[in-house]
Every structure is written in C-alpha cells, then in structure tokens.
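Protein chains in written order, with my numbering: chain V, 1 to 373; chain Z, 374 to 783. For glycine and all other residues, C-beta sits at the position ideal for the given N, C-alpha and C. This one's a predicted model, so the numbers in the text were calculated from it and none came from an experiment.
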Amino acid sequence: MIDFEPDEEQALIIETVHQFAENEIRPVARETDETGIPPAGVVEAAHELGLVANALPEAQGGGGARSAVTGALIAEELAWGDLAIALSILSPALLGFPVADFGNDAQKNELLPGLMDSAFVPGSLAIVEPRFDFDVYRPETTATRDGDEFVLQGRKCQVPWLDGGTHLVVIANERPSTASSSGPPASGHLAAFVVPRDAAGLLAEPELLMGLGGLPTVELAFERVRVPASSRLDAGDDDLRRLIDRGRVALAAAGVGTARAAYEVSREYAKVRETFGQPIATRQAIAFKLADMAIEIDGARLLVWEAAAALDRGEDASRLARLAWDQVTRIALQVADGAVQVFGGHGYIRDYLPELHLRNVAGFSSFEALALV
Amino acid sequence: MAIDFELSEGSKLAQAHYHDIALKQMRPISRKYDLREHDLPVEWVDYWWNEGRFGTKGRSEKLTEGFITICLQAEELCWGDAGLYLRMPTPALGGSAVSSAGTKEQKQRFMSKFREEGGHPIWGAMAITEPQAGSDAAAIETTADFDPDTEEWILNGTKIFCTAGEGASTADGGFVVVWATIDKSAGRGGIKSFVVMANTPGMELIGCEKKLGIRASDTATLRFDNCRVPKENLLGSAEVRKKDPTKTGDKGFKGAMATFDASRPIVAAMATGVGRAALDFLKEELENQGVAIRYDAPPRELTAIERDVIEMEAELQAARLLTWRAAWMMNTGKRNNLEASMAKAKAGLAVTKITQKAVQILGPVGYSKKLLVEKWMRDAKINDIYEGTQQINQLIVARRILDYPSAMLR
Ligand SMILES: Cc1cc2nc3c(=O)[nH]c(=O)nc-3n(C[C@H](O)[C@H](O)[C@H](O)COP(=O)(O)OP(=O)(O)OC[C@H]3O[C@@H](n4cnc5c(N)ncnc54)[C@H](O)[C@@H]3O)c2cc1C
C-alpha cells in the first residue's frame, strides 16, 4: 500500500535528529568547515543518540534495527545541519555495516562492540581512487592472494579519517595469486578487507577538497600491505555492488538534506532582503527559483525513499539507487547554485552558508560510500 | 503507517487492467483519431460507455487505493492515448467540481446518470476560461443574473477551450459546469459555478479548436446567450462576500479553486502516462538495437543516450512519486494544495522534456508519423499548459512555501 508517512518511531527519530542538527550541528557548521576540525563535543553528543548503534546487530550489543529508510531519514536531517559533520557522525557505520553484513563472528566480536562504546570511535571505508577514470566497480587497487595473506596495492582517496579510528574497510580488486598479478585488473572481482590503520605499508596523507572541509579525509597509499586472509569479508561481487547501492542511497539522502538546507536559508533570506522597496521573494525570478527548488527536493527525496524501501525489502535496488543518486547529484547542485544566486554577492561570501552548500554538493559527482544505510 | 512504495494488490490489478485497455482499445486507433481531428471516436466512446466505465468491478474494488488508483488509471490510459482519455464519456472535471462544491442532492442529481447502465454516452465538462481570462480566472466576464420571477439564473458570456465541451453541451444528460460572476463589483467573491445541462436553450456550441496535440479531445467554444438555469443548479451558496481588505480570499472562489487540488494530481498522472509511453518505446527501440542501459556504469563511461535515458527515467519517476504523494494526501484527508501543484508543475515540464528528447534521440524515426512518438511529444505539451500553466503552479508553490498571500506574489 502506497504510503509516504514515516512510522511513529521514524517520526520520533526525525524530530530528535532534526533538533540536534538545528541546535548542535548548524551553529558550528561554518567554523568546522573553516578549521577542518570536527567538533568533538557535537560528535560525541550525537554518538550518545545511538544512531548507528541502533542499526548494528543485537548479538554485539546493537539495537538490531537496521533500515535503509530510517538511515536515509537520519542522513537527511543530519546533513541538513551540515554535511561534513553528518558524515563524521555516521562514520562508524562505514566499518560497522560491512562487518555486520559480511564479517564472521570473530570479526563482529572484535570490531563492533568498540563502535558502540560510550566513547565515539569513527570508522573508515576506502573505495574511491584518485584517478579521473575511476570506476567504482573496477578498482585498480588490488588484493593478491599470497599463501595465508593478501597483499594490497594501490591508492585510495576521499577516505574519512577521524581521530581515534582503528580499522578501515578497503574495497579492492581481488586476484587469485601472485602468479597472475601483472597486467590490467580483471573486472568483476570486488572484495572487501578489514585493515588496521597502522598496517605496515599503509600511508595516509591528509587531503584538501573543495568542500567537506569539516570532515578529515585522507589519500591512502597501499604499498604491499599484507593482511591475513581472514581479514577478507565474506562478500562477493553482488554483495559489494549492493554495498555501493547502500552508499548511494545514504549519500543521496544526505544530498537531499544539504539541498534542503540551502533552499531553506535562501528562502528565509529572500523574505527579508529588500530591493527596490520590496522583499526579493515577491519577485517571480526569485520566487519561482525557490518553488523549483522545493519541487525538486521533494521529488528527489521520494526517489531516495523508494530506493531505500527496495533495499529494505531485500530487492536489487541498483537501478533505483542509480536514479536517486543521479537525480540528487543534479538537483542538489542546481539548488545550491540557486541559493548562492538568491543571496547575490552575499552568497559568495563565507559569512553565509550557501557557498558552503555549493562546495559540498559539488562533490556528489565523485563521492561514493561516504555514508551507508 | 509507514513509508511504503508497494502498490496494493488491488492497485496492481487495476493497473494491469487499464494497461490492457490502453493496449487493446486505444493504441490501435490512436493515429486514426489524431488524423481525424474532430470526429467522434465511436468505437472508443462506445467501448467505454458499455464496458470500460464499469472498471474492475467485482475484481478488486475493495483493494484499490482511492486517488492513487485513479492516478494509475489516468497514467495507464494516457499511456494508451491522452486524447482518447479526455474523450471518454465521464463527468471529468465537471464531476470534480460537483463533487467538491455540490450538495449531496446535487451530486446525486448530476452524477447518477454516469453510473446507470444502458442509455447513451454522456460527458461532463468545466468551463472557466474565456478569451480574456485564462490564468487569471478571477477576470472572467460571463455573468449570471437572478430572475426572481422564475427563480432562474440567466447566463451570458463566452467560454473557450472547454475540454469535452462538445459532448457535454450536446448529449442529453451531460452537463457543463460554468463559472460566472453574479456580482462584478465583488471581484472573486462574486464568482460562482453553475451546472448547465446539455442542450439547455441559450447554450450554443460554436465549434472546436484545431490543436497541436490531443486532437481526439473536443476543445469547445461555448456561447451563453440568456441561458437560463434553475436556481438549484448553482454549486455552493449564492451569498456574495464583498471584498474585505482584511480577508485575502473568499470561500466561494476558493472552494471552486479547490477542485484543482483533486484534479491536478490526475493531470500529473496523465502527463506521466504520455511521458512513459515515449520512454517505454525509446527503451524498447534501443534494446532492439542492442543498446542496454547500464545503470551501474561510471558516469564517464555512459554513452550520451544512456545518460539521457537515466535522466529521463529519474525525472519521470520523480514526477510520478510527487503525484502519488499528492493523491495519497487526498486519501488521508490531508490538505494537498501545495503538493498537487508541485506534482503538476513537475510532471508537466518533465514529460514535455522527455517526449521532446525521445523525438530527438530517435531522429527521423521519431519525427515520422509512422510511429506515435511525434504524437506523444505533441500530446505531452498540453500538460504544461492546462490546469494552471507551469508558471501558475510555480506561483502557487512559491506562495505556499513563502507563506505569502496572492497579493504579495502575482
Ligand atoms: C487543449 C486545452 C484544453 C483546455 N481545457 C480547459 C477546460 O476544460 N476548461 C477550462 O476552463 N479551461 C481549459 N483550458 C484553458 C487553460 O486552462 C488555459 O489556456 C490556461 O489556464 C492558460 O490560460 P491562457 O491560455 O489564457 O494563457 P495566459 O493566462 O494568457 O498566459 C500566457 C502566459 O503567461 C503566463 N502567465 C500568466 N500569468 C502569469 C503570472 N501571474 N506570472 C507568471 N506568468 C504568468 C502563463 O504561464 C503563460 O505562459 C484548456 C486549454 C487548452 C489549450
């Protein structure tokens, strides 16, 4: 039965997270972007809400209430506060969800409880590579089997790297043995590995991006990093494609939240900024731009929810996730650009939020799995 | 309740049922009545009157989803042919007006004939637009004067662009809902709607328009020359609220406008159907040529066509979901004025672009009348115009999100 109403529990989560975003995240968004330092107090406070823990398995002390729809609702509200801080807050899921989905009991018991401790522990997922021709389904980072170990080789970027993290998940191209390790990577052999941050041969270089100033990210070099064969998660190609879908749905939801923030601040500004004796919102050129923003945001959100609902039903959601993802990438840019425009010259100034929104959403065309549902 | 994107079983049945009708009854005569612009599509009208209108009765009645199902019907049948859809013998917009503004007695009196078995096909229509008043519906000049001796309203004026106006004004039992002012000095407050039964003396069918698309639909000009209608045919109350600067609107006019909250989602669904017809065809054609759309390819590797198709699909689905949301709000009794306009604005523009793109991608084949793609492009465009143009719906959305009365944003 078609229904667009979040259930009671979801409604409560939305309200709670929205208030948190409004009272805690938004006030520090600008400063966080400028300094590049995540607001530890805010992240800790968000951690106490248990947003990620609630979705982790009960066996390890989590809430066992994993839902892509709920995850999307949370991501939108947090990102409405600020995208970078939202991604920091949600980062434990980058380690937690792949381990919960594909880890063995030993991995779950080792890694998951820490993510639910009273102190915040971030997670990391390395998927994107620093090449203009990067294909998420055909990474060039390789994992080559060598006896009881895998040897990881390659480069990753846009890897969230908050202080205090211990492990990361790496998506690589798996190869059977050293014998065939030369030549271009074959496609269709995605594999995921849990790697400690301090593994020998793993070098992390802080990154500077156009946006996401408040989210510490690194470029990683894997120089013959050796990990035990047991650190490979039990996930095949299809599983990891779904993981990518989950990343897209989560990010698309965050994109909707970011766009909504840009839209709302520009709508409020348009009502108070006067030119030629009238608020600019009374001019159609401005009012219609705002109307289109509202329409596109709602349309994109419904695409995100539809894809999330398909994930929750256990269906192959790759097409729907792609549609949602494409739509959000496109409209978020349109909305944020429109917001800067509504602010005029002030939109260009870093005292106001729209330029931050614009820089943040411009990344959606290259982001993958910076969050998961 | 909880967020859910699965249609009920009944809805799925209804969808399949109407799809079948679209495919078997509409598509085969789609081109025929595009070419024979003002002919009555007899086989379709008869089919609908004798069979089609009884719908999925007995099959899935209890399982349907109210307005969602109506939207599904509109989408499927307009996937078949939007012009023929508008030519169906139904109460159509006239019915929406009676349902939203009429009394119980009026609903019974005007609508029951559409439900009775047998008889001959009849139509309902709504006539608001005049030569000098389209988007600005409050500027209509058709007058209604009360004759206390006979207790009748006397209508005078000219209405244009009245969909189904030929059928509704000439087939006994049908009716046209006519907007007229009973007090010009009262502005919007003086505007009322009147049910004029087909063949009422003084209502004259002047003719039908030649159009870009939806050519199977009769878009009529109607003249009212001392056309007398009984007082019981006024929908709502005859009370005139004089312009009061402290009030931004009037219930009568607003009530009449509220018809659009119910009809805009349906128009958006109709639009979606036409857009989907073009998109389905395009994808099928590409598939025949061995072009599969790779939803999992990196953007850099997508061909221009794949990119276009993915965008078209996302746009169409966004329009559809906005439409379903507005319809779902009707079902749940939520006020959907904003959401109905959002859906209409999005769908009207999205399918205009989608069908134009389909013609473009298919090249000479898309442009040729051998296929229906060129027709779908012509049919699609009306959705960006009637039931409030793109701009008028943007205006409504803008007012609602800014919380501005109409005086502040026109
Ligand atoms: C095939 C067809 C079927 C129709 N069926 C019916 C029917 O059944 N019943 C009925 O009553 N009417 C019907 N209409 C009329 C239709 O609703 C009107 O054509 C429509 O509302 C626009 O009015 P208009 O043509 O007078 O354009 P105008 O109102 O003159 O508008 C011209 C242009 O100006 C724009 N514009 C107008 N006002 C503003 C503003 N304030 N801000 C920004 N832009 C603005 C419009 O968007 C449009 O682009 C039909 C029309 C057609 C073509």
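Practice prompt. Could you check what DSSP says for Val194 (chain V) in three-state terms: helix, strand or coil?
Written response: Your numbering for residue 194 (chain V) matches position 194 in the first sequence. Note: Val194 (chain V) maps to strand in three-state DSSP.
Practice prompt. Could you tell me whether any Cβ in chain V is nearer than 9 Å to the Cβ of Ala718 (chain Z)?
Written response: As a working mapping, residue 718 (chain Z) is identified with position 345 in the second sequence. Taking Cβ atoms only, chain V reaches closer than 9 Å to Ala718 (chain Z), which makes this a yes.
Discussion item. Measuring only from the beta carbon, is Val499 (chain Z) closer than 8 Å to any heavy atom that is part of ligand 1?
Written reply: Working through the second sequence from its first residue, we reach residue 499 (chain Z) at position 126. In the sequence under discussion, the amino acid at residue 499 (chain Z) is Met, which differs from the Val named in the question. Yes; taking the cut-off as 8 Å, the Cβ of Met499 (chain Z) has a heavy atom of ligand 1 nearer than that.
Practice prompt. Anything in chain Z within Cβ reach of Val69 (chain V), meaning under 7 Å, just list it in chain order.
Written response: Numbered from 1 along the first sequence, position 69 holds the residue referred to as residue 69 (chain V). Near Val69 (chain V) (Cβ distances below 7 Å), the residues of chain Z are Ile376.
Discussion item. Assuming the contact rule is C-beta atoms closer than 8 Å, Leu303 (chain V) and Gln327 (chain V) should be a hit. Round their C-beta distance to whole Å, please.
Written reply: Looking up residue 303 (chain V) in the first sequence gives position 303. Looking up residue 327 (chain V) in the first sequence gives position 327. The Cβ separation is near 5 Å, so the contact holds.
Worksheet item: Does ligand 1 have even one heavy atom less than 8 Å from the beta-carbon of Gln446 (chain Z)?
Response: For the purposes of this step, residue 446 (chain Z) is identified with residue 73 of the second sequence, where counting begins at 1. It does not: the Cβ of Gln446 (chain Z) is nowhere closer than 8 Å to a heavy atom of ligand 1.
Practice prompt. Closer than 8 Å, Cβ to Cβ, to anything on chain Z: give me those residues from the region 1-27 of chain V, in chain order.
Written response: Cβ contacts with chain Z: Met1, Ile2, Asp3, Phe4, Glu5, Pro6, Asp7 and Gln10.
Fill in: Nearest neighbour of Ala259 (chain V), chosen from V:Pro113, V:Thr142, V:Asp337 and V:Arg313 [CA to CA]
Stepping through the first sequence from its first residue, residue 259 (chain V) is reached at position 259. Each of V:Pro113, V:Thr142, V:Asp337 and V:Arg313 was checked against the Cα of Ala259 (chain V), and the nearest Cα belongs to V:Asp337.
Worksheet item: How would you call Tyr668 (chain Z), buried or exposed, if buried means at least 16 neighbouring beta carbons within 10 angstroms?
Response: Working through the second sequence from its first residue, we reach residue 668 (chain Z) at position 295. It counts as buried.
Discussion item. Once the 5 residues before and after Ile666 (chain Z) are set aside, which same chain residues still bring their CB inside 6 Å of it?
Written reply: The sequence position of residue 666 (chain Z) within the second sequence is 293, counting from 1. The residues are Glu679 and Val682.
Practice prompt. Take the Cβ of Met374 (chain Z) as the centre, count every other Cβ of all protein chains shown within 10 Å, and call the residue buried at 16 or more, exposed below.
Written response: Numbered from its first residue, the second sequence carries residue 374 (chain Z) at position 1. Around the CB of Met374 (chain Z), fewer than 16 other CB atoms lie within 10 Å, so the residue is classed as exposed.
Worksheet item: What do you reckon, is the C-beta of Arg783 (chain Z) under 8 Å from a heavy atom of ligand 1?
Response: Here residue 783 (chain Z) is taken as the residue at index 410 of the second sequence, counted from 1. At least one heavy atom of ligand 1 is nearer than 8 Å to the Cβ of Arg783 (chain Z), so yes.
Discussion item. Would you say the beta carbon of Thr536 (chain Z) is closer than 8 Å to some non-hydrogen atom of ligand 1?
Written reply: Taking the first residue of the second sequence as 1, we reach residue 536 (chain Z) at position 163. Result yes, Cβ under 8 Å from ligand 1.
Worksheet item: What distance in whole Å lies between the Cβ atoms of Val568 (chain Z) and Phe483 (chain Z), which are believed to be in contact at a cut-off of 8 Å?
Response: As a first step, residue 483 (chain Z) must be located in the second sequence, where it is residue number 110. As a first step, residue 568 (chain Z) must be located in the second sequence, where it is residue number 195. Contact holds; Cβ gap of about 6 Å.
Worksheet item: Span of the alpha helix (DSSP H) holding Thr728 (chain Z)?
Response: Looking up residue 728 (chain Z) in the second sequence gives position 355. Run containing Thr728 (chain Z): Asn710 to Tyr740, per the alpha helix (DSSP H) assignment.
Item to complete: Taking Ser266 (chain V) as the query, report the chain Z residues whose CB atoms sit under 7 Å from its CB, ordered along the chain.
Response: Translated into the one-based positions of the first sequence, residue 266 (chain V) becomes position 266. Using a Cβ-Cβ cut-off of 7 Å, Ser266 (chain V) is close to nothing in chain Z; its nearest Cβ partner there is about 11 Å away.
Worksheet entry | Distance cut-off 8 Å: Glu657 (chain Z) Cβ against heavy atoms of ligand 1 | Here residue 657 (chain Z) is taken as the residue at index 284 of the second sequence, counted from 1. No, the Cβ of Glu657 (chain Z) stays beyond 8 Å of every heavy atom of ligand 1.
Worksheet item: Nearest to Asp545 (chain Z) by CA position, among Z:Arg601, Z:Val613 and Z:Phe487, is which residue?
Response: By 1-based counting over the second sequence, the position of residue 545 (chain Z) is 172. When C-alpha distances from Asp545 (chain Z) are compared across Z:Arg601, Z:Val613 and Z:Phe487, the shortest belongs to Z:Phe487.
Practice prompt. For my contact list, Leu243 (chain V) and Phe193 (chain V) are in at a C-beta cut-off of 8 Å; report their separation, rounded to the angstrom.
Written response: By one-based count along the first sequence, residue 243 (chain V) stands at place 243. By one-based count along the first sequence, residue 193 (chain V) stands at place 193. The Cβ separation is near 13 Å, so there is no contact.
Practice prompt. Establish whether the CB of Val746 (chain Z) and some CB of chain V are separated by less than 9 Å.
Written response: The residue given as residue 746 (chain Z) occupies position 373 in the second sequence. Chain V contact via Cβ: absent.
Fill in: Assigned exposure category for Leu380 (chain Z) - 16 Cβ within 10 Å defines buried
For this step, residue 380 (chain Z) is matched to residue 7 along the second sequence. In this structure Leu380 (chain Z) is buried. Its beta-carbon is surrounded by 16 or more other beta-carbon atoms within 10 angstroms.
Discussion item. With H, G and I counted as helix, E and B as strand and the rest as coil, what does DSSP make of Asp598 (chain Z)?
Written reply: Mapped onto the second sequence, residue 598 (chain Z) falls at position 225. Correct three-state label for Asp598 (chain Z): strand.
Fill in: Euclidean distance between Cα positions of Ala136 (chain V) and Gly247 (chain V)
Residue numbering aside, residue 136 (chain V) sits at position 136 when the first sequence is read from its first letter. Residue numbering aside, residue 247 (chain V) sits at position 247 when the first sequence is read from its first letter. Per the sequence presented here, residue 136 (chain V) reads as Val, with Ala not at that position. Note on geometry: alpha-carbon atoms of Val136 (chain V) and Gly247 (chain V) lie some 11 Å from one another.
Practice prompt. Rank V:Leu56, V:Ala29, V:Pro57 and V:Thr144 by C-alpha distance to the C-alpha of Asp351 (chain V) and give the top, closest one.
Written response: Within the first sequence, numbered from 1, the residue matching residue 351 (chain V) stands at position 351. Cα-wise, what sits closest to Asp351 (chain V) is V:Ala29.
Fill in: Validate contact between the region 690-707 of chain Z and the region 139-151 of chain V using beta carbons, cut 8 Å, 3 pairs
Result no; under three Cβ-Cβ pairs closer than 8 Å.
Worksheet entry | Whether Thr554 (chain Z) touches Thr515 (chain Z) by CB criterion (9 Å) | As a working note, residue 554 (chain Z) is residue 181 in the second sequence. As a working note, residue 515 (chain Z) is residue 142 in the second sequence. In this structure, the beta-carbon distance from Thr554 (chain Z) to Thr515 (chain Z) falls below 9 Å.
Discussion item. If I follow the unbroken beta strand (DSSP E) through Gly344 (chain V), where does it start and stop?
Written reply: The residue given as residue 344 (chain V) occupies position 344 in the first sequence. Counting along the chain, Gly344 (chain V) falls outside any beta strand (DSSP E), and DSSP gives it neither H nor E.
Discussion item. Is Asp545 (chain Z) close to chain V? Criterion is C-beta to C-beta, closer than 9 Å.
Written reply: Your numbering for residue 545 (chain Z) matches position 172 in the second sequence. At least 9 Å separates the CB of Asp545 (chain Z) from every CB of chain V.
Worksheet item: Where Ala512 (chain Z) and Leu457 (chain Z) are concerned, what is the direct C-alpha to C-alpha distance, given to the nearest angstrom?
Response: For the purposes of this step, residue 512 (chain Z) is identified with residue 139 of the second sequence, where counting begins at 1. For the purposes of this step, residue 457 (chain Z) is identified with residue 84 of the second sequence, where counting begins at 1. Each residue's Cα considered, the two are about 31 Å apart.
Worksheet item: What residues of chain V sit near Pro671 (chain Z), judged by a beta carbon separation below 9 Å?
Response: On the second sequence, position 298 is the one that residue 671 (chain Z) refers to. What Pro671 (chain Z) touches in chain V, judged by beta-carbon distance under 9 Å, is Asp133, Phe134, Asp135, Val136, Tyr137 and Arg138, going in chain order.
Worksheet item: Is it the case that the CB of Ala506 (chain Z) approaches a heavy atom of ligand 1 more closely than 8 Å?
Response: Taking the second sequence and counting its residues from 1, the one referred to as residue 506 (chain Z) is at position 133. Indeed, a heavy atom of ligand 1 lies less than 8 Å from the Cβ.
Worksheet item: Does at least one heavy atom of ligand 1 sit under 8 Å from the Cβ of Tyr759 (chain Z)?
Response: Here the question's residue 759 (chain Z) lines up with position 386 in the second sequence. When distances are taken from the beta-carbon of Tyr759 (chain Z) to the heavy atoms of ligand 1, the shortest one is below 8 Å.
Fill in: Host alpha helix (DSSP H) of Thr609 (chain Z) (start-end)
Walking along the second sequence from the start, residue 609 (chain Z) turns up at place 236. Correcting the residue identity first, residue 609 (chain Z) is Gly in this sequence and not Thr. No alpha helix (DSSP H) holds Gly609 (chain Z); DSSP gives it neither H nor E.
Worksheet item: Do Gly147 (chain V) and Leu190 (chain V) have their C-beta atoms closer together than 9 Å?
Response: The residue labelled residue 147 (chain V) in the question sits at position 147 within the first sequence. The residue labelled residue 190 (chain V) in the question sits at position 190 within the first sequence. Leu190 (chain V) is positioned such that its CB atom lies no closer than 9 Å to that of Gly147 (chain V).
Worksheet item: Does the region 597-614 of chain Z touch the region 560-567 of chain Z, meaning 3 or more C-beta pairs lie closer than 8 Å?
Response: Because the criterion of three Cβ pairs below 8 Å is met, the region 560-567 of chain Z and the region 597-614 of chain Z touch.
Practice prompt. Below 7 Å between beta carbons is the criterion; list the residues of the region 295-315 of chain V that meet it against any residue of chain Z, in chain order.
Written response: Residues passing the 7 Å Cβ filter: Ile295, Asp298, Gly299, Ala300, Leu302, Leu303, Trp305, Glu306 and Ala309.
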